[in-house]
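J.:
Chains as they are written, first to last, in this note's numbering: chain D, 95 to 375; chain W, 95 to 375; chain Y, 312 to 595; chain G, 312 to 595.
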């Protein structure tokens, strides 16, 4: 069974954020695919914050930009938590590193790295984790360790960092990655972060407490796990993107949701807030 | 075999502190037995600090007074650590409770209670622990839990607090207690803090890392464990105290060391520093 | 997000008959006002957890609120015995209470495990003591790398933890400084938490040695000026040592204790009214 | 008590061929100057431990000092790959290195265990990942109360831990603030420790969010102004992001890396001389 429109968590989430397409400007439609991913991620965070669930464990790069954009666009704001020990950061510019002084200076509380992982992540206080990687497979597992074999890797990647425990423990995981045949693979060369493992019931058998990957935001659109099969399905495409493009850029036999929707156009308000944030940096 | 003079750790320790008896004033000889215990404990700490081993885990009461007196009398000073989380406290007056604000305000560092017990005590960073209790037995075990049976106690005492892990882990334990037949017993009703257990080798069998009770300072003198038998032996008596008195006030068949010494008279410098500390409080 | 509530409302909402509660504060910042309110609301069958059940739990035990006590040191610091605690353990007055007894190190490890989402904590502790035979929540565990034997204790996860702190902002972010004891861990380990504060301010300015407990891990913040009395709040008040001494006389005798509770707790409406009744000023 | 030593003297005395070393600093306060001095003194066969072996360990690895690396994330943050690290793992250049790979949560638990005098730490971690099959220092452990399966990792207890901090007093008490990472744990877990500082002062005045590591748990304090560069020391300097970017070009190529080390590290006598050589001012 293909995921139906009603089953799309993203569509439900995004309802409060839905805006009339007339408010979309032409300039907004010309933003980069990175920015499109950022805006989409910010929308998800805004919806979660409205539901009171947005203690968000953020990494540097697109996730941090998206989380800060959501802070500027939505009220209530998501709570930003960085693995460097910052809880409730409210940076006025985009941090350049996970240990940017701006993060510490604007936090409610700065704690040690051991404490961030024990009292905050492990204890189940994180609603949303953002992850990316070199490979994502159809069950939402992520590889950020090696391409090729572990013993004799073709490419040695940075490794796990905080990802395995974010993937295991966060209430839900948002993946942000560009959708390409090389990156979206049938099976990861190395399982650094556990998604749905080998399919339905695997997370439960392992006793993982977090909800796993709920949404994958790409440059082409959005994928979500089919509740029956746990397989990632294309549920949304950006304006001008075709189903064929999505299938071509995916390394497994990608399914398109029955009622796949088109991404709401980026609004002036969104693009302006993003530009402001970027220019302050 | 009875502990010989050469085996007395206390006598060795106290050597650097030894003073000509002519410097003792009459007023000094009129101090209370509490003060005598305090001065003796401070002397031990001074000697340990001179040897570079005086990170001292202190409880309120006589131990705290003794430790603060040692800080005023000797250089290098012992480092005072309170279980309330204060590391390197330098109070100008005697603290009235273990959580006295003066302790926090004058500390090098204030940490949480879990950290005091994990990073500092358990990690083996404490050289000296002070303990007292309702009962002390001949092997240096201490009871601060119940008199009578646990289920139906005659007297319910406060309980363990930090004592069991101080007794197990500190480099050495100094016990301060009044020497009476009721308190100095053949076997404790309840073993709250482990001394030498049932005798030689027992600490080692349990894998305890600390050195155990090395000295017991009482209102009558000083007891030390016989290195062969681990049994506490009277190695020092205060001026005017007789061997018979010590035996009478001890609940086990107390042995007196071959060359039992008389406590060095309290000096003017000691008594003055103590009075100053007490009057500032 | 924490709600700003009256203490009466917070206790009514979060502390139920049969609840497992923790009230922490290590000499500093002991939530006495909250203890009084629990007595005022006549809660029963509480499992009361506290490292140092001093005066605050002596009152709860004597007033008959507690059916089980988990603790590591029960005395009136610097004064002597805890008479109501002793009377309960020695003579089952006002009724029998179950006790679960630990050391400080063990209790701290239990709170840390609770705050960390782990079912147990590991420590070097209790070895050779008679506590091991009396307390079922002390077990051995082997290191899977060295085979060394260590001690395991179960996590503490109270239904509600109650602490006192210096101040909060209007969003319920709590700022606390000075001796922090095990308070933050007790809040993070609990399913719900109540924080009484000296002051509610528009903006929390940084304080040396201060930490902020964010609003979203706290259930209720209640303004109770001097609510730690006779304990103290660094920067706001001093410890009332004479009150601790006078407690010895009040608590020694069942009748004088009952009279005191009737006059000063059950007979008062809140902490201000209690303070007037016992003759302490709101701020020392 | 800590001795105040030159960095040269401290490294010579505490870092030996074959030592297990930890150098910590989480983006903030990375002890780069100390890393250079280890290269200058041509230490070999180090077991180098670090959560984020970024530029500082790229230099040590490329210079041939390291035979084993224990880590959890090896990249140039915000820039990309760590080329010397990759070249060692992918092509055994300059020689083969052994790797022991963990997650951040696991490494943090290992340092905490080390600082606490425990042989292992417990966490919810690694479950379902392929790391478990590659790393022998990850095992399962059962809760003796709930029978739940958790993960155990062995304590880290380096021969020497090296960190950078803001300042120390003349007795060697170290004050550190801002993002503290895992630095304090790394020092408390180690047999010996070296702390480079921006400044040595007569008296440490309190700083919000600051902690003091007492002199008696530190082996050596070394005055190295700007010694974290291109990392930063909150209150003293800003992160030199362009230096991190330029490192990508330098390290990408073996020859340019070797040349850089020869000119700027082996060809300089200390951190000041290094700073002049690469054209950075002592204080940003």
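Idealized CB from N, CA, C, for every residue including glycine.
Within this structure, are the beta carbons of residue 507 (chain Y) and residue 323 (chain Y) separated by less than 7 Å?
T.: Counting from one through the third chain, the residue named residue 507 (chain Y) turns up at place 196. Counting from one through the third chain, the residue named residue 323 (chain Y) turns up at place 12. Contact flag unset, no.
J.: Residues bridged to residue 432 (chain Y) by DSSP?
T.: Working through the third chain from its first residue, we reach residue 432 (chain Y) at position 121. Bridge partners of residue 432 (chain Y): Y:464.
J.: On the premise that residue 483 (chain G) lies in contact with residue 545 (chain G), defined as a C-beta separation below 8 Å, what is that separation, rounded to the nearest angstrom?
T.: Numbered from its first residue, the fourth chain carries residue 545 (chain G) at position 234. Numbered from its first residue, the fourth chain carries residue 483 (chain G) at position 172. In fact, because the Cβ distance is near 21 Å, the residues do not count as touching under 8 Å.
J.: Find the residues of chain D that neighbour residue 499 (chain Y), judging by a C-beta separation of less than 7 Å, and give them in chain order.
T.: If you number the third chain from 1, residue 499 (chain Y) lands on position 188. Chain D residues near residue 499 (chain Y): 213, 217.
J.: Is residue 190 (chain W) near residue 552 (chain Y), with beta carbons less than 7 Å apart?
T.: Here residue 190 (chain W) is taken as the residue at index 96 of the second chain, counted from 1. Here residue 552 (chain Y) is taken as the residue at index 241 of the third chain, counted from 1. Yes.
J.: Using beta carbons (cut-off 7 Å, strictly below), is residue 191 (chain W) in contact with chain Y?
T.: Here residue 191 (chain W) refers to the residue found at position 97 of the second chain. Yes, residue 191 (chain W) lies at the interface with chain Y (some Cβ there is under 7 Å from its Cβ).
J.: Cα separation between residue 364 (chain W) and residue 181 (chain D)?
T.: Working through the second chain from its first residue, we reach residue 364 (chain W) at position 270. Working through the first chain from its first residue, we reach residue 181 (chain D) at position 87. Going by the C-alpha atoms only, they are around 51 Å apart.
J.: Please check if any C-beta of chain W sits within less than 7 Å of the C-beta of residue 560 (chain Y).
T.: Here residue 560 (chain Y) is taken as the residue at index 249 of the third chain, counted from 1. Taking Cβ atoms only, chain W never reaches closer than 7 Å to residue 560 (chain Y), which makes this a no.
J.: Got a sec: does the ligand ADP put a non-hydrogen atom nearer than 6 Å to the Cβ of residue 451 (chain G)?
T.: The ligand content of the structure shown is nil, which means the ligand ADP is not present either.
J.: Any beta carbon of chain W sitting closer than 7 Å to that of residue 541 (chain Y)?
T.: Counting from 1 along the third chain, the entry for residue 541 (chain Y) is found at position 230. It does not; no Cβ of chain W falls within 7 Å.
J.: Roughly how many angstroms separate the alpha carbons of residue 154 (chain D) and residue 192 (chain D), rounded to a whole number?
T.: Within the first chain, residue 154 (chain D) is the residue found at index 60, counting from 1. Within the first chain, residue 192 (chain D) is the residue found at index 98, counting from 1. Here the alpha carbons of residue 192 (chain D) and residue 154 (chain D) stand approximately 6 Å from one another.
J.: Going by CA-CA distance only, name the one from W:138, W:265, W:179 that's closest to residue 168 (chain W).
T.: Taking the second chain and counting its residues from 1, the one referred to as residue 168 (chain W) is at position 74. If we check each option's Cα against that of residue 168 (chain W), W:138 comes out closest.
J.: Below 7 Å CB to CB, which residues in the same chain sit around residue 374 (chain Y) once its five sequence neighbours on both sides are set aside?
T.: As a first step, residue 374 (chain Y) is located in the third chain; it is residue number 63 there, counting from the start. Only 350, 572 meet the Cβ criterion.
J.: For residue 121 (chain W), which residues in the same chain have their Cβ closer than 7 Å to its Cβ, ignoring the five residues on either side in sequence?
T.: As a position in the second chain, residue 121 (chain W) is number 27, starting the count at 1. In this prediction, residue 121 (chain W) has a pLDDT of 48, which is less than 50 and means its spatial position is unreliable; nothing more can be read from the coordinates.
J.: Cβ of residue 343 (chain W) within 7 Å of Cβ of residue 273 (chain W)?
T.: Taking the first residue of the second chain as 1, we reach residue 343 (chain W) at position 249. Taking the first residue of the second chain as 1, we reach residue 273 (chain W) at position 179. Yes, they are a contact pair.
J.: With 16 as the cutoff for other CB atoms within 10 Å, does residue 316 (chain Y) come out buried or exposed?
T.: Within the third chain, residue 316 (chain Y) is the residue found at index 5, counting from 1. So residue 316 (chain Y) ends up on the buried side.
J.: Mark residue 362 (chain W) as exposed unless 16 or more other C-beta atoms lie within 10 angstroms of its C-beta, in which case mark it buried.
T.: As a first step, residue 362 (chain W) is located in the second chain; it is residue number 268 there, counting from the start. When all chains shown are included, residue 362 (chain W) counts as exposed.
J.: Give me the subset of the stretch 400-430 of chain Y whose CB atoms are less than 9 Å from a CB atom of chain D, sorted by chain position.
T.: 423, 425, 426, 427, 428, 429
J.: What separation, rounded to the nearest whole angstrom, lies between the Cα atoms of residue 367 (chain W) and residue 174 (chain W)?
T.: For the purposes of this step, residue 367 (chain W) is identified with residue 273 of the second chain, where counting begins at 1. For the purposes of this step, residue 174 (chain W) is identified with residue 80 of the second chain, where counting begins at 1. Approximately 18 Å, taken between the alpha carbons.
J.: Is it buried or exposed for residue 321 (chain D), if we count other Cβ within 10 angstroms and need 16 for buried?
T.: Residue mapping note: residue 321 (chain D) aligns to position 227 of the first chain, counting from 1. Result: exposed.
J.: Give every residue of the same chain whose Cβ lies closer than 7 Å to the Cβ of residue 559 (chain Y), excluding the five residues on either side of it in the sequence, and list them in chain order.
T.: Locating residue 559 (chain Y) in the third chain gives position 248, counting from the first residue. The answer, listed in chain order, is 387, 390, 391.
J.: For residue 330 (chain W), which beta-bridge partners are listed by DSSP?
T.: Counting from 1 along the second chain, the entry for residue 330 (chain W) is found at position 236. Looking at the DSSP assignment, residue 330 (chain W) forms a beta bridge with W:316, W:355.
J.: What does the alpha-carbon distance come out to for the pair residue 176 (chain D) and residue 429 (chain G)?
T.: As a working note, residue 176 (chain D) is residue 82 in the first chain. As a working note, residue 429 (chain G) is residue 118 in the fourth chain. Their backbone Cα atoms lie some 28 Å apart in a straight line.
J.: May I have the straight-line CA-CA distance separating residue 319 (chain Y) from residue 533 (chain Y), to the nearest angstrom?
T.: The residue given as residue 319 (chain Y) occupies position 8 in the third chain. The residue given as residue 533 (chain Y) occupies position 222 in the third chain. Each residue's Cα considered, the two are about 9 Å apart.
J.: Mapping the DSSP letters down to three states, classify residue 371 (chain D) as helix, strand or coil.
T.: Reading the first chain from its first residue, position 277 is the one you call residue 371 (chain D). Helix.
J.: Check whether chain G comes within 7 Å of residue 382 (chain W), counting only Cβ atoms and requiring the distance to be less than that.
T.: With chain W represented from 95 up to 375, any question about residue 382 (chain W) goes unanswered, as that position is not in the structure.
J.: Any idea which residues DSSP pairs residue 134 (chain W) with across the strands?
T.: Residue 134 (chain W) sits at position 40 when you count from the first residue of the second chain. Per DSSP, none; premise fails for residue 134 (chain W).
J.: Considering only their Cβ atoms, is the gap separating residue 197 (chain D) from residue 228 (chain D) smaller than 7 Å?
T.: Walking along the first chain from the start, residue 228 (chain D) turns up at place 134. Walking along the first chain from the start, residue 197 (chain D) turns up at place 103. No, the Cβ-Cβ distance between residue 228 (chain D) and residue 197 (chain D) is not below 7 Å.
J.: Mapping DSSP to helix, strand and coil, what is residue 540 (chain Y)?
T.: Here the question's residue 540 (chain Y) lines up with position 229 in the third chain. Reduced to three states, the DSSP call for residue 540 (chain Y) is coil.
J.: If we cut at 7 Å on Cβ distances, does residue 461 (chain G) have a partner in chain D?
T.: Residue 461 (chain G) sits at position 150 when you count from the first residue of the fourth chain. Chain D contact via Cβ: absent.
J.: Using Cβ-Cβ distances below 9 Å, what residues of the stretch 436-462 of chain G are close to chain D?
T.: Against chain D - using a Cβ distance shorter than 9 Å - the residues of the stretch 436-462 of chain G are 436, 437, 438, 439, 440, 441, 442, 444, 445, 459, 460.
J.: When you compare only the Cα positions, how much space is there between residue 209 (chain W) and residue 209 (chain D)?
T.: Sequence index remark: in the second chain, residue 209 (chain W) carries index 115 (1-based). Sequence index remark: in the first chain, residue 209 (chain D) carries index 115 (1-based). Whole-angstrom Cα-Cα distance: 12 Å.
J.: Quick one: is residue 242 (chain D) buried, meaning 16 or more other Cβ sit within 10 Å of its Cβ, or exposed?
T.: For this step, residue 242 (chain D) is matched to residue 148 along the first chain. Answer is exposed; the Cβ neighbour count stays below 16.
J.: Nearest by alpha-carbon distance to residue 447 (chain Y): which of Y:456, Y:462, Y:523, Y:371 is it?
T.: The residue given as residue 447 (chain Y) occupies position 136 in the third chain. Looking at the Cα atoms, Y:462 is the closest of the given residues.
J.: Quick one: give me the first and last residue of the alpha helix (DSSP H) that residue 299 (chain D) is part of.
T.: On the first chain, position 205 is the one that residue 299 (chain D) refers to. 296-300 is the span of the alpha helix (DSSP H), which, as asked, contains residue 299 (chain D).
J.: Among the candidates G:586, G:366, G:365, G:535, whose CA atom is the shortest distance from the CA of residue 479 (chain G)?
T.: Taking the first residue of the fourth chain as 1, we reach residue 479 (chain G) at position 168. Looking at the Cα atoms, G:535 is the closest of the given residues.
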